[in-house]
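First up is the structure itself, then whatever we jot down about it.
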Amino acid sequence: MLNNDIARIFDDLADRLEISGANSFRIRAYRQAAKTLAEWPESLASMVKTDRTKLVAIPGVGKDLADKIVVICETQSLPQLEEIRLAVPDGVVDMLRIPGLGPKKAAALFQELKVASLMDLKQAVEAGQVAKLKGFGEKTAKSILEGLAQVEQTGTRAYMAEAKVEADAIVEALRKLPGVGQVTAAGSLRRRKETVGDLDILATASSPTAAMDTLAAHPLVAQVLARGDTKQRVRLKSGLELDLRVVPEESYGAAMQYFTGSKEHNIVIRRRAQERGLKINEYGVFRGETSIAGRTEEEVYASVGLPWIPPELRENRGEIERAEAGKLPQLIELADIQGDLHMHTTATDGTATISEMVQAAKARGLKYIAITDHSKRVSMANGLDADRLRQHWKEIDKVRGQISGIEVLRGIECDILEDGTLDLDDDVLSEADWVIAVLHYGLRQPQDQIDLRLLNAIKNPYVSIIGHPSARIINKRPPVAWSFETILKAAAEYGVMLEINAAYQRLDLDDIQAAAARDRGIPIVISTDAHSTSGLDGLEYGVYQARRAGLSKADVANTLPIADFKNKIRGKRAR
Ligand code: DGT
Ligand code: CA
Ligand code: CA
């Protein structure tokens, strides 16, 4: 049981309780616990084994929750969840994935129309039943139908970050096996796509049978779906499916190239091979019957006249032409990042104090950070008004004096209100070192209003950056209806930076948008938006997205030394 799996059970429980109309206090407690547990740095399963009395020391975890965590770790399930599952079936919970369809509406659909799956829902909308339901109407029915289409497109893919944790565990288990040589996760995971459909693991092994047996017996695996001599497909307990292919040493590079994809990239590579009288497949590169390459990916690319191409770029978005011209970018790496400019503390909805966050950032080798708690509009997260913010900054100053070797900027994550004004006045914003402006509310406003809000923020002299600019949540919430071009132009003109928010459910800007921003000369900042000390480890996901965007170190402002970074902020204010 990974912490994420445990967190998911509490989230699931909260969803079902909410649909069944339970006490909102309990629901909130489960949700808050899910969030805390997902980010908890220690393995809960090992805590249960070694010292379960420590569970209650986790913020928001009382005796009742601690007992539940123990039961989950010991039985892989929770009786309360199984019980409520009978009253609120999975198909009803699925409906919550539709934007704008909350627990109350899901409950009404289930109780009044017996809608118990997305398919039922579609039929009910098409039969006109939903529009007639009290509290729904034509407009809601139409937006549900749009939402259904969106869920069908994106709903079933797993977050790459979650899939990677599982893939890493399985790769490691296979590597330990005697007779196993190389093991790598290929496919969309290796390309660091934000979501993955399934996992594709490649290995070399003296005994494919032993490798497949090890996979089948792995604790993360729920079921073997198919098995051949060198190939096995399994379903993990998380629901994700995984293909293991055992390949010969001399084919390893060819198999990696083939199964890393993308399909679109590989089509062009295959065409280049044909033009050279060669044939490429997962076993190697062949001239007639003779294999001329296949042991390494470098060999495979060299056989079609190309340098090795980083997996993150393999989407046929111009990388092959760039490789041919010797113009592949030197992609940014995690080690290039010197600062993290977006994080929360216990002052609002974080779980660690200022001092703990600073220590944790320093321990991770960061040279500077910005503490950016919420502004007052985010009342659910105990957002700060001007007085509390000034008090909070004093606390930051105190910590600055106590911890050396890392610079701490006094920041704020300031909401851009529905009418386009900022949640805090200029006089207090002018005292900040770093102001992140963000959209949190009114995300369904029409394009004109969204653009107006973002433009107002960009024009404000004290706003340094727009955080999670599109406000999307992957698989859950679409981007705002902005005119991205308009926003880019304004950001470039006013010297406002744009964030790649590294939270793996956000990754916002996305890869294509970040590349467009870079093309306009807009500095990108990759930040974690950490709500806990372990949240600071999420930087890697933002870096992957930046690499997919083709960004180099020079395109990302928080690779700069602090003095240069500060000059960029000052430069903006001077304009
Ligand atoms: P996913 O799983 O939907 O996130 O995306 P991928 O890219 O991992 O796709 P997947 O798992 O279907 O296949 C892994 C890679 O294997 C894919 O990127 C390219 C290669 N591949 C799979 N099937 C075919 C095929 O029929 N033809 C070719 N050329 N390549 C294939
Ligand atoms: Ca895949
Ligand atoms: Ca696959």
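If you count the sequence shown from 1, position 420 lands on 446 in the numbering used here, and the numbers rise without skipping.
The C-beta atom is built at its ideal place from N, Cα and C for all residues, glycine as well.
Residues bridged to residue i (per DSSP)
i           : result
residue 400 : 439
residue 553 : 527
residue 305 : 312
residue 113 : Paired residues: none, contrary to the question.
residue 503 : 499
residue 582 : 550
residue 410 : 401
residue 597 : Answer by DSSP bridge pairing: none, since residue 597 is not bridged.
residue 369 : 556
residue 534 : 527
residue 185 : 221
residue 491 : 462 and 523
residue 317 : 312
residue 395 : 366 and 434
Nearest neighbour of residue i, chosen from the options [CA to CA]
i           : options               : result
residue 240 : 219, 198 and 494      : 198
residue 528 : 565, 495, 418 and 510 : 565
residue 525 : 509, 491 and 507      : 491
residue 353 : 41, 77, 577 and 118   : 577
residue 517 : 252, 479, 223 and 499 : 479
residue 535 : 506, 388 and 397      : 506
residue 71  : 245, 481 and 455      : 245
residue 211 : 387, 455, 268 and 546 : 268
residue 177 : 147, 163, 203 and 519 : 147
residue 55  : 451, 38, 452 and 169  : 38
residue 447 : 464, 74, 437 and 384  : 464
residue 31  : 455, 355, 130 and 66  : 66
residue 362 : 509, 587 and 304      : 587
residue 485 : 556, 125 and 513      : 513
residue 299 : 288, 319 and 285      : 319
residue 86  : 109, 52 and 317       : 52
residue 115 : 99, 140, 92 and 96    : 140
residue 375 : 222, 58, 454 and 164  : 58
residue 546 : 511, 126, 41 and 169  : 511
residue 568 : 597, 537 and 596      : 537
residue 206 : 247, 600 and 272      : 272
residue 193 : 156, 247 and 164      : 247
Burial state of residue i, where buried means 16 or more other Cβ atoms lie within 10 Å
i           : result
residue 365 : buried
residue 94  : buried
residue 255 : exposed
residue 329 : buried
residue 29  : buried
residue 339 : buried
residue 234 : buried
residue 344 : exposed
residue 145 : exposed
residue 105 : exposed
residue 487 : exposed
residue 19  : Only positions 27 to 601 of the chain appear in this structure, which leaves residue 19 out of reach.
residue 101 : exposed
residue 219 : buried
residue 523 : buried
residue 558 : buried
residue 49  : exposed
residue 406 : exposed
residue 399 : buried
residue 583 : buried
residue 301 : exposed
residue 401 : buried
residue 286 : buried
residue 251 : exposed
Residue i at chain B interface by Cβ criterion, 8 Å
i           : result
residue 280 : Within the model displayed, chain B is absent; a lone protein chain is all it includes.
Scan the segment 424-476 and note each continuous alpha helix (DSSP H) run of 4 residues or more that stays entirely inside, going in chain order. 452-455
Run through the segment 202-289 for me and flag every whole alpha helix (DSSP H) of 4 or more residues, listed as ranges in chain order. 213-216, 234-242 and 278-286
Stretch-stretch touch, CB-based, cutoff 8 Å, three pairs: the segment 364-380 with the segment 535-553: yes
Do the segment 555-574 and the segment 333-348 touch if we need at least three Cβ pairs shorter than 8 Å? yes
Between the segment 268-285 and the segment 320-328, are three or more C-beta pairs nearer than 8 Å? Yes: at least three Cβ pairs fall under 8 Å.
If you pair each beta-carbon of the segment 495-511 with each one of the segment 432-440, do three or more pairs fall below 8 Å? no
Counting Cβ pairs closer than 8 Å, one from the segment 436-443 and one from the segment 453-471, do we hit at least three? Counting C-beta pairs closer than 8 Å gives three or more between the segment 436-443 and the segment 453-471, which meets the contact rule.
Contact the segment 187-204 vs the segment 257-272: 3+ CB pairs below 8 Å: The answer is yes - the segment 257-272 touches the segment 187-204, with three or more Cβ pairs under 8 Å.
Taking three-plus beta-carbon pairs below 8 Å as touching, is the segment 217-231 in contact with the segment 151-163? no
Ranges of the beta strand (DSSP E) found wholly within the segment 330-385, counting only runs of at least 3: If one requires a minimum length of 3 residues, no beta strand (DSSP E) run lies completely within the segment 330-385.
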